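One structure is given here, and the rest of the page talks about it.
Numbering (our numbering), first residue to last: 672 to 842.
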């Protein structure tokens with residue numbers, strides 16, 4: 672009888688423990704903003720798939736040409752924390768581009784709240800209450816001059832999406 676009870680306890684505790692460990696592992700790999708972690712920087716390199724090329728909006732599209740490239744991120748935000756976001760450091764061939772090249776690219780950012788959740792950052796402490804947001808960045812391009820075209824044609828572009836916390840003023 673003791674073996675049966677011990678077996679039942681182990682059968683119950685093992686899945687519960689494994690679920691908590693898996694949840695903790697997922698949470699530690701999630702970008703988050705809270706009281707201690709006030710800055711998140713996501714680096715993104717635009718990689719074309721199957722020969723697709725970003726072309727200026729309104730251009731005649733050829734085979735494999737696209738006017739927009741979509742990037743999606745999920746970030747956890749602690750309750751009581753507001754945040755700002757920005758696109759930084761547009762880089763072509765490992766060099767930050769000049770402002771005239773930077774102005775060629777349009778970044779439209781939209782946010783949508785996914786769900787309220789608890790983020791478990793420390794295995795033995797209680798989690799942080801907050802919510803997940805989905806950040807969608809749409810990259811498009813204006814028509815370049817000939818000089819600008821020569822600088823960017825066929826090059827790999829990368830950029831950073833920056834999130835900074837701003838504590839909300841609750842009264």
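Ideal Cβ placement from N, Cα and C applies to all residues, glycine included. Every value quoted in this text rests on a predicted model; they were computed, and no experiment measured them.
Handout entry: Where the beta strand (DSSP E) containing residue 757 begins and where it ends
Key = 752 to 763
Problem - Bridge partner(s) assigned by DSSP for residue 672 - result: Answer is none; residue 672 lacks a bridge partner.
Practice task
Pull up the distance between the alpha-carbon of residue 753 and that of residue 836, whole angstroms please.
Solution key: 6 Å
Exercise for the section: Look at the Cβ atom of residue 826, then the Cβ atom of residue 771, and state whether they are nearer than 8 Å. Expected result: no
Problem - Which residues DSSP lists as bridging residue 800, in chain order - result: 789
Problem - C-alpha gap between residue 821 and residue 729, whole angstroms - result: 19 Å
Handout entry: For residue 845, three-class secondary structure by DSSP
Key = The chain is shown from 672 up to 842; residue 845 falls before or after that span and cannot be answered.
Exercise for the section: Please state whether DSSP places residue 738 in a helix, a strand or coil. Expected result: coil
Problem - Extent of the continuous alpha helix (DSSP H) to which residue 823 belongs - result: 817 to 823
Handout entry: Assigned exposure category for residue 801 - 16 Cβ within 10 Å defines buried
Key = buried
Problem - residue 753 CB to nearest heavy atom of the ligand ZN below 7 Å - result: No copy of the ligand ZN appears in this structure; indeed no ligand is present at all.
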